[in-house]
Amino acid sequence: MADQEFVAPPYVKNMQRVDTYSEIDEILRSTAFRQGSHQESHMFFGESLLLMDGPGHMERRMLFASLVSKSAMHYYESQALAPVIDKVIAELKEKGRGADGLVRTDLVPLIRTMLHRITALVTGVDKVDSPETTERFRWLVDRLGEAATVEWSTRDHEEVIKEGLAVRKMLIDEFLQPSLDRRRELVRRQKAGEIAKEDLPVDLFTLLCQTGDDARPGDETYIWREAALFLVASTQTTTHTLPHVIVHLTEWCKTHAEDAPKVTDPIFLRRAATESLRLHQPAPTLLRIALEDVTLSSGRQIKKDERVALFFAPANRDERFGPDPYGFNPYRAAPHGAQAWGLTFGGGVHMCIGRPLVTGMFNRTDDLTGTEGTMIKILRVLYELGVELDPASPPQKMAVSYHDAYGVFPVILRKL
Amino acid sequence: MSSKGVRVTVDTNFCQGIGYCERICPSVFKVDKATGYAVVLQAEVTDAEMLALVDQAEQTCPTRAIELVPIG
């Protein structure tokens, strides 16, 4: 049944496949494995937080802590995300209506536009604030994202990497370098006592300038690789998963009419988003390399230096998630010792640092004292605007990669 | 953060026993080898220097399992 749900990309066909929840969980927590993903795309993410192991990883995670603190999350959500959503919706309204008086749009670029402006803020990229510059920035980051996850591309990989390097150069010249230069100057002025530390922006580039990591001798591209990670990774989960939530809720409400009015309720949406995250992962698999000969609790043997492919799709449909684990059920309870989204955000030291940005920060499903997260906040706005699938134009899955995501997702915003 | 300090807890549904908290603030956190979870050695922290460390531990924890609730 698992094979019906998920086809292994050719990139991992010769690797040992691990697809049970308990085995993947054990590998992710184990110190006997190191990161094994992004080898082909190393020139885009290499030496970044994602691919670091050992003592340097904790130091880097500590450095970035202020970017993902509770206060930062509250700031991004209230001061950045909410105005950005309003602005993007206003821009959409200005584009006009169809002959039937309804507003139609493709949700994939719309969500990316919202998220890229937030991501630019977190990374420290200036001038991503108008429709024109955001569209240019989005185009560049989307192309960079395809190259940085080239392992899952259905296109010629050499060509994708070549394009990605060219796009990165454009992204640096047009956006990243001027933004970095501005922050270098701000940090210089702060160190000279001309401005207070509190007046510095809280973003990745500023942090790296403060620590001197913005210019590593002999490694000029390091900062662009860390920036690429922040730019690409912080948009993919929400852009890939959010359309799935709408598809699942559309189907769910057909047979559970009593839940239809709940689609603007943040608690119900959190349950629906979490369940969708369990069923749909932002990356096809994660890869790990054994640092020594390992025998898992299940008896599975993995040799030193062997790279294994962790398949989350079948693992997240484990029977520990209750009856009908292949089905969508927003009322599904999280099993003890696991999250309701399963292994979707990874585990161990490499658990996704941006998870709180996506899911919000909360301690219980019904907790509204934390943050909503990008996914729930955007979903709530869309449902308040009467989002529904456009019956004249069905959504289409991504054609250029093995990601479980939509490339085109036409919707009607009936109340806009 | 409250000037009176914080109450520290670890959510075992999130904790994976990675141990960054213990390395950052060993007087407050320790990973129990038997259970695989971090345990809190000091439930309330009021000292300013220690507050900075538990705050750092909370933000650095890869699974975000640490909860700091302001006292008072």
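Sequences listed follow chains A and B, in order.
End of the first sequence sits at 416 in the numbering used here; the numbers just go up one at a time, nothing left out.
End of the second sequence sits at 1072 in the numbering used here; the numbers just go up one at a time, nothing left out.
Every residue, glycine too, gets a C-beta built ideally from N, C-alpha and C.
Cβ separation of residue i and residue j, assumed to be a contact under 8 Å, to the nearest whole Å
i, j, result
"P335 of chain A", "D19 of chain A", "Not really, about 18 Å apart at Cβ, beyond 8 Å."
"V141 of chain A", "F230 of chain A", "In fact, because the Cβ distance is near 10 Å, the residues do not count as touching under 8 Å."
"R188 of chain A", "E163 of chain A", "Incorrect: roughly 35 Å between the Cβ atoms, too far for contact."
"A147 of chain A", "S41 of chain A", "7 Å"
"Y1037 of chain B", "V1010 of chain B", "7 Å"
"Q190 of chain A", "L200 of chain A", "6 Å"
"M325 of chain A", "R317 of chain A", "Looking at the sequence itself, residue 325 of chain A is Pro, so the reference to Met does not match. Right, their Cβ atoms sit about 4 Å apart."
"H157 of chain A", "D404 of chain A", "Wrong, their Cβ atoms sit about 20 Å apart, outside the cutoff."
"R380 of chain A", "P284 of chain A", "Going by Cβ atoms, the distance from R380 of chain A to P284 of chain A rounds to 29 Å, so no, they are not a contact pair."
"V1039 of chain B", "K1033 of chain B", "V1039 of chain B to K1033 of chain B, Cβ: 11 Å. No contact."
"H248 of chain A", "F345 of chain A", "Incorrect: roughly 19 Å between the Cβ atoms, too far for contact."
"V68 of chain A", "I376 of chain A", "Not confirmed; about 17 Å, so no contact."
"Y21 of chain A", "E151 of chain A", "Rounded, the Cβ-Cβ distance is 23 Å, inconsistent with contact."
Other residues of its chain near residue i: CB distance less than 8 Å, five sequence neighbours each side excluded
i, result
"S1002 of chain B", "With a pLDDT of 49 at S1002 of chain B, under the threshold of 50, the predicted position of this residue should be treated as unreliable, though the coordinate-derived value follows. Here the set comprises P1070, I1071 and G1072."
"R17 of chain A", "A8, V308, A309 and F311"
"L50 of chain A", "Q35, S37, H38, L229, A233 and H350"
"L416 of chain A", "I89, L92, K93, V103, L385 and G386"
"E292 of chain A", "A32 and K304"
"K197 of chain A", "Q190"
"E319 of chain A", "P325"
"R60 of chain A", "L49 and M52"
"Y383 of chain A", "V263, T264 and L269"
"E1067 of chain B", "V1008, T1009, V1010, D1011 and E1058"
"L110 of chain A", "V88 and L92"
"T250 of chain A", "E388 and L389"
Cβ-based neighbour list, residue i, same chain, cut-off 7 Å, excluding 5 preceding and 5 following
i, result
"W224 of chain A", "R168, I172 and L176"
"D25 of chain A", "L343 and G347"
"Y406 of chain A", "V108, P243, P395, Q396, K397 and M398"
"F45 of chain A", "H38, L51, A148, R225, A228 and L229"
"T1060 of chain B", "Y1020 and I1024"
"T113 of chain A", "V88, T134 and R138"
"C209 of chain A", "R183, R184 and V187"
"A260 of chain A", "C253"
"A120 of chain A", "V128 and F137"
"G124 of chain A", "S179, R183, P201, D203, L204, F205 and T206"
"M170 of chain A", "L140"
Nearest residue (CA-CA) to residue i, options the options
i, options, result
"H74 of chain A", "A:L382, A:G299 and A:E372", "A:E372"
"Q236 of chain A", "A:M398, A:P201 and A:Y331", "A:M398"
"T238 of chain A", "A:I378, A:P131, A:K197 and A:I27", "A:I378"
"V1028 of chain B", "B:P1062, B:T1063 and B:V1006", "B:V1006"
"P131 of chain A", "A:K87, A:R332 and A:R380", "A:K87"
"A82 of chain A", "A:T374, A:V411 and A:Y383", "A:T374"
"G392 of chain A", "A:E158, A:R104 and A:S297", "Checking the sequence, you will find Ala at residue 392 of chain A rather than Gly. That would be A:R104, whose Cα lies nearest to the Cα of A392 of chain A."
"I85 of chain A", "A:L102, A:R61, A:P55 and A:H116", "A:H116"
"Q1056 of chain B", "B:Y1020, B:N1013 and B:Q1042", "B:Y1020"
"M361 of chain A", "A:E23, A:A283 and A:T274", "A:T274"
"G337 of chain A", "A:F328, A:Y331, A:F321 and A:H157", "A:F321"
"I118 of chain A", "A:Q301, A:Q79 and A:A260", "A:Q79"
"T264 of chain A", "A:E185, A:G193, A:H280 and A:I246", "A:I246"
"S297 of chain A", "A:A260, A:L389, A:D100 and A:I27", "A:I27"
"D390 of chain A", "A:F409, A:E151, A:G124 and A:L382", "A:F409"
"P356 of chain A", "A:T255, A:Y76, A:Y21 and A:D129", "A:Y76"
"E388 of chain A", "A:S401, A:I376, A:Y402 and A:R414", "A:R414"
"V411 of chain A", "A:R97, A:Y21, A:S69 and A:M58", "A:R97"
"H280 of chain A", "A:V160, A:T154, A:W341 and A:V202", "A:W341"
"M58 of chain A", "B:T1046, B:I1018, B:M1050 and B:V1008", "B:I1018"
"L207 of chain A", "A:L286, A:T359, A:G370 and A:S66", "A:S66"
"M43 of chain A", "A:Q339, A:G145 and A:K95", "A:G145"
"N1013 of chain B", "A:D100, A:Q339, A:S153 and A:G193", "A:Q339"
"Y402 of chain A", "A:S153, A:M15, A:L287 and A:S30", "A:S153"
"E23 of chain A", "A:E174, A:V160, A:K95 and A:T295", "A:T295"
"P1026 of chain B", "B:Q1016, B:T1035, B:K1004 and B:Q1042", "B:Q1042"
"G212 of chain A", "A:L63, A:E251, A:S71 and A:A257", "A:L63"
"D106 of chain A", "A:S30, A:I195 and A:K95", "A:K95"
6 Å CB neighbourhood of residue i in its chain, flanking five on each side removed
i, result
"F268 of chain A", "K262"
"I289 of chain A", "R34, G36 and R307"
"K127 of chain A", "T133"
"M1 of chain A", "Since pLDDT at M1 of chain A reaches only 39, below the 50 mark, its modelled position is unreliable, and the value read off the structure follows with that caveat. If we look at M1 of chain A and ignore the five residues flanking it on each side, it has no Cβ neighbours."
"A166 of chain A", "none"
"L277 of chain A", "T241, W341 and T344"
"P282 of chain A", "Q236, T237 and H240"
"T359 of chain A", "G373"
Item to complete: Report the residue ranges of all alpha helix (DSSP H) runs contained in full by the segment 164–240 of chain A; include only those spanning at least 4 residues, in chain order.
Response: 177–191 and 204–211
Discussion item. List, from N- to C-terminal side, the beta strand (DSSP E) runs of 3 residues or more that fit wholly inside the segment 226–308 of chain A.
Written reply: 286–290
Worksheet item: Mind pulling the alpha helix (DSSP H) runs of 4 or more residues that sit fully within the segment 308–341 of chain A?
Response: 312–315
Worksheet entry | 4 or more residues per run - each alpha helix (DSSP H) lying fully within the segment 88–123 of chain A | 107–123
Discussion item. I'd like the ranges of any alpha helix (DSSP H) spanning at least 4 consecutive residues and lying wholly in the segment 40–74 of chain A.
Written reply: 42–45 and 55–64
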